[in-house]
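The structure under discussion appears below in the form of structure tokens.
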Amino acid sequence: MGKLPIDEKIKLTSGQGNWHLFESALLEGRSINVADGPHGVRVYGKAVDAGNFLNQSNLMPATLFPSASAMASTWNKELIENVGKIIGRECRYYQIDVLLGPGINLKRSPLGGRNFEYYSEDPYLTSTIAEAFVKGVQSEHVGACIKHFGLNEQETMRRFVDVKVDERTMHEMYLYPFYKVIKNAQPWMVMSSYNRLNGVYASESSYLLKDILRKRWGYQGVVVSDWGAVQDKVKSLKNGMNIDMPGPSAFESKVKDALQQGTLTERELDESLKPVFDLHKRIQTTQKLKDINFEKHHQRAKSVAEEAIVLLENDGVLPIKNHQTKLGIVGDFAKHPRINGGGSATVRPYKQEIPYDAFKEVFDNIDYAQAYQEEETTDALIAEAVDVAKASDIVLFFTGTTKATETEGQDRPHMMLPVSHLNVFNAMRKINKNIVVILSNGSALDLRSVRPHSRAILETWFLGGAAGKAIVDVVIGAVNPSGRLQETFPYMVEHTPHYPTFPSLETVDYSQDLIMNGYRFYDTHRYEVLYPFGYGLSYATIDYSDIRFVNASDNQSIISVEVTLENHSDIDAYETVQLYVGKNIEYLIKPEKELKAFEKVFVRAKSKAIVTIKVEREAFETYDTRRQQFVVYNGCYTIHVGRHSRAIYATHSVDITDKVTFHPAITFDYPIKFLKLYYPHWYEYIETHYRPLRWHEQEAPIWRILNSYQRHKGIDDVILKQLMKDIKADLDASNK
Ligand code: GLC
69 MGKLPIDEKI KLTSGQGNWH LFESALLEGR SINVADGPHG VRVYGKAVDA
119 GNFLNQSNLM PATLFPSASA MASTWNKELI ENVGKIIGRE CRYYQIDVLL
169 GPGINLKRSP LGGRNFEYYS EDPYLTSTIA EAFVKGVQSE HVGACIKHFG
219 LNEQETMRRF VDVKVDERTM HEMYLYPFYK VIKNAQPWMV MSSYNRLNGV
269 YASESSYLLK DILRKRWGYQ GVVVSDWGAV QDKVKSLKNG MNIDMPGPSA
319 FESKVKDALQ QGTLTERELD ESLKPVFDLH KRIQTTQKLK DINFEKHHQR
369 AKSVAEEAIV LLENDGVLPI KNHQTKLGIV GDFAKHPRIN GGGSATVRPY
419 KQEIPYDAFK EVFDNIDYAQ AYQEEETTDA LIAEAVDVAK ASDIVLFFTG
469 TTKATETEGQ DRPHMMLPVS HLNVFNAMRK INKNIVVILS NGSALDLRSV
519 RPHSRAILET WFLGGAAGKA IVDVVIGAVN PSGRLQETFP YMVEHTPHYP
569 TFPSLETVDY SQDLIMNGYR FYDTHRYEVL YPFGYGLSYA TIDYSDIRFV
619 NASDNQSIIS VEVTLENHSD IDAYETVQLY VGKNIEYLIK PEKELKAFEK
669 VFVRAKSKAI VTIKVEREAF ETYDTRRQQF VVYNGCYTIH VGRHSRAIYA
719 THSVDITDKV TFHPAITFDY PIKFLKLYYP HWYEYIETHY RPLRWHEQEA
769 PIWRILNSYQ RHKGIDDVIL KQLMKDIKAD LDASNK
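Using the numbering used here, the first residue of the sequence shown is number 69, and each one after it goes up by one.
What follows is the structure in structure tokens.
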């Protein structure tokens, strides 16, 4: 670095084009190549000018996996680690050094335009799946880039909105996945987000990029900006953002001026380039793969699709065992499947299955009707669909969101299915009650008008290249659906906690999201929902029994839970046992329960399986804003164990008597009531040595009560001073 002329260093602080960085004739070794995205690698066959990098025509083929929503719906850590590994291998085949994914923001409203590209509404599930994915990618000596750091949960005005958030909500929810993945999987890269955080652009926020990321979390990797996110490059370089993407930078002259004027020093420039030099060195040893087995990878994508599909409703019409059944396959999505959301996650699939063709492989009598084209339909198309429905035993109605409504860069205008699709559905159900609805969407839908008239509903998300046989295998029972919802399906958008404010154009307030997001909101406030977080049906009947809570021996885990599962059916099944933790500590704001552990268990037909879930200390943690770290407060907690957030089969109280006692950093200006709450020994001391305090004194400051004693009770000044000194010492000691 020392040998490089300063102009070359300045050049290196930006990308070279969209997908390369650190390209320099003065550097040994090749440039660093990056490529999107979370569902598969998006590589261009030839250099793409900045203008049309979303033009997909000259993309190289790659495995397009089911979307992040689908991956999280598998609740299968090992499977998603393998997905990461496969994408890592395809990166090596195309000599991509860092994959620009996973996206680990949370689903804050079902209307979020990129929810398809994010895992869950819940930070713990997001962290667990993301950690597995990153470990998988990096096991191939290819980097993963966690994005978008941070609090980028709406697409509307994403380059401008200012997100206001309190520290606790930020750490316990929106930064939590970044914190856990950095701690447990060491991603090579972090992408700073477009938006502002508490008034400062994330890509120039020293609070985010230095204080939190570097100092508190000890992150050593590279920070790139989101594409075009840098607003003031000098500030960005000084505040912890290393590479301004894409290149060439619009700020080159400004950086030169700043160096001349001394508002930016060469030392700061070197400091900003250090992690990138480390990455540049690291990638020189990554071996390009000479060949790749796309077919094998496609099969893996199919197994992800099988485990991602969530059976939402089934009155027994599924599985369809009789392959002579006359099937009416209705909906354009059956022939032109919705395989992904729009925008930078796009991939050109090496192989694209077609649901209709997959069904033709199995069923002999199939009629088809297009029924609609995206959002549009006509009377003729509806009439055709009705004719098919009339002639069929069972209708498979393919519907979901359209390209126009679920994509990066905009939020969804509503949660409904397209009106045209509903018109088709309502026309068909009048002459044939046997309708199975097959959904393709990236985030929750309002299904009120569909659910009462469907005999079964399959949530298939966006299944990528494997949008075909996996659906058939679930429909015929070759695969027993095991997907579980990673986000709540509320009845309607009006029930969502952020309905009045999502999306906002200027300022978005995340405060109180601790209890105002997803199931944290619905469960804490006892709202009815259409389908709860963690929900999903199976073809098998699985019972839970003998749920035991055993105090753990090793110091890391507090308690372990043993559950017996019995599969009464003649079909093998996977069951995801879920464990939530709630609190009973007065005045500590927490949702009714939070997901803190889960295990996906194989239960063979007609047999039992016993699963043990260890509950770690961190399951009881709270972010303490005074200590600026996660701590476990003393108190009583409740563990909930069940099939999903609304099907809890056992609860157990756990008393944590840890060192840290929860209380605010009180001072003598606080009401005496706080002394009673958090320092009861002092409160009792005062009452026994002087007199009981009356109700109207509870909100008076501590100093005032003590002084009033001196005046009225003639307390010896020395004793009072000593008492105040002792109380103050106690307060200060626990405020550390
Ligand atoms: C986009 C996205 C980001 C993506 C990048 C490169 O704007 O926000 O996720 O990786 O630009 O395509």
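Note that CB positions come from ideal geometry on N, CA and C, so glycine has one too.
Just so it is clear, the structure is predicted and the values come from calculations on it, not from any experiment.
Sequence-distant residues of the same chain with beta carbon closer than 8 Å to residue i, five excluded per side
{"i": "residue 737", "result": "769, 770 and 771"}
{"i": "residue 118", "result": "Per-residue confidence for residue 118 stands at a pLDDT of 49, beneath the threshold of 50, marking its modelled position as unreliable; no derived number is given."}
{"i": "residue 16", "result": "This structure does not reach residue 16, given that the chain is present from 69 up to 804, and the question cannot be answered."}
{"i": "residue 256", "result": "166, 206, 211, 212, 213, 289, 290, 347 and 350"}
{"i": "residue 670", "result": "640, 641, 642 and 677"}
{"i": "residue 204", "result": "148, 149, 150, 151, 152, 153, 154, 155 and 156"}
Terminal residues of the alpha helix (DSSP H) in which residue i lies
{"i": "residue 697", "result": "Premise fails: residue 697 lies in the beta strand (DSSP E), 697 to 700, not in any alpha helix (DSSP H)."}
{"i": "residue 346", "result": "334 to 351"}
{"i": "residue 752", "result": "748 to 757"}
{"i": "residue 491", "result": "487 to 497"}
{"i": "residue 327", "result": "320 to 329"}
{"i": "residue 76", "result": "74 to 80"}
{"i": "residue 69", "result": "Looking at the DSSP string, residue 69 is not in any alpha helix (DSSP H), and its letter there is neither H nor E."}
{"i": "residue 232", "result": "That residue, residue 232, is in no alpha helix (DSSP H); its beta strand (DSSP E) goes 230 to 232."}
{"i": "residue 35", "result": "With the chain covering only 69 through 804, there is no way to say anything about residue 35."}
Residue j beta carbon less than 8 Å from that of residue i
{"i": "residue 632", "j": "residue 707", "result": "no"}
{"i": "residue 265", "j": "residue 219", "result": "yes"}
{"i": "residue 453", "j": "residue 492", "result": "yes"}
{"i": "residue 410", "j": "residue 471", "result": "yes"}
{"i": "residue 423", "j": "residue 402", "result": "yes"}
{"i": "residue 585", "j": "residue 139", "result": "no"}
{"i": "residue 260", "j": "residue 294", "result": "yes"}
{"i": "residue 809", "j": "residue 601", "result": "Outside the shown range of the chain, which is 69 to 804, sits residue 809, and nothing can be said about it."}
{"i": "residue 476", "j": "residue 169", "result": "no"}
{"i": "residue 337", "j": "residue 302", "result": "no"}
{"i": "residue 197", "j": "residue 109", "result": "no"}
{"i": "residue 702", "j": "residue 734", "result": "no"}
{"i": "residue 379", "j": "residue 549", "result": "yes"}
{"i": "residue 626", "j": "residue 688", "result": "yes"}
{"i": "residue 761", "j": "residue 773", "result": "yes"}
{"i": "residue 105", "j": "residue 415", "result": "yes"}
Secondary structure of residue i, DSSP reduced to three states
{"i": "residue 247", "result": "helix"}
{"i": "residue 717", "result": "strand"}
{"i": "residue 381", "result": "strand"}
{"i": "residue 118", "result": "Any reading at residue 118 needs caution, since the residue's pLDDT is 49, under 50, leaving its predicted position unreliable; the model's value is listed next. Residue 118: helix per DSSP, three-state reduction."}
{"i": "residue 474", "result": "coil"}
{"i": "residue 457", "result": "helix"}
{"i": "residue 302", "result": "helix"}
{"i": "residue 161", "result": "helix"}
{"i": "residue 670", "result": "strand"}
{"i": "residue 172", "result": "coil"}
{"i": "residue 739", "result": "strand"}
{"i": "residue 625", "result": "strand"}
{"i": "residue 688", "result": "helix"}
{"i": "residue 615", "result": "strand"}
{"i": "residue 392", "result": "coil"}
Chain C within 8 Å of residue i, Cβ atoms only
{"i": "residue 358", "result": "The chain labelled as chain C is not found in the depicted structure, where only one protein chain is given."}
Heavy atom of ligand 2 within 7 Å of residue i beta-carbon
{"i": "residue 295", "result": "Judged by which ligands are present, ligand 2 is missing from the structure shown, whose ligands are ligand 1."}
Endpoints, the beta strand (DSSP E) within which residue i is located
{"i": "residue 646", "result": "641 to 651"}
{"i": "residue 709", "result": "703 to 712"}
{"i": "residue 368", "result": "Not the beta strand (DSSP E): residue 368 falls in the alpha helix (DSSP H), residues 362 to 376."}
{"i": "residue 524", "result": "524 to 527"}
Other residues of its chain near residue i: CB distance less than 6 Å, five sequence neighbours each side excluded
{"i": "residue 186", "result": "136, 171, 173 and 175"}
{"i": "residue 609", "result": "636 and 637"}
{"i": "residue 652", "result": "704"}
{"i": "residue 789", "result": "none"}
{"i": "residue 21", "result": "One cannot answer for residue 21 here, as it falls past the ends of the chain, which runs 69 to 804."}
{"i": "residue 224", "result": "479 and 571"}
{"i": "residue 297", "result": "262 and 271"}
Contact set for residue i: own chain, Cβ-Cβ below 7 Å, skip 5 residues either direction
{"i": "residue 388", "result": "462, 543 and 544"}
{"i": "residue 300", "result": "272"}
Margin query: Quick check for students: name the residue ranges of the alpha helix (DSSP H) that lie wholly in the region 180 to 209, counting only runs of 4 or more.
Written below: 191 to 206
Note to self: Extract the residue ranges of the alpha helix (DSSP H) inside the region 534 to 592, only unbroken runs of 4 or more that lie entirely within it.
What the structure shows: 537 to 544 and 587 to 592
Next item on the list: Please specify which runs of the beta strand (DSSP E), each continuous and at least 3 residues long, are wholly inside the region 398 to 442, giving them in chain order.
Entry: 434 to 437
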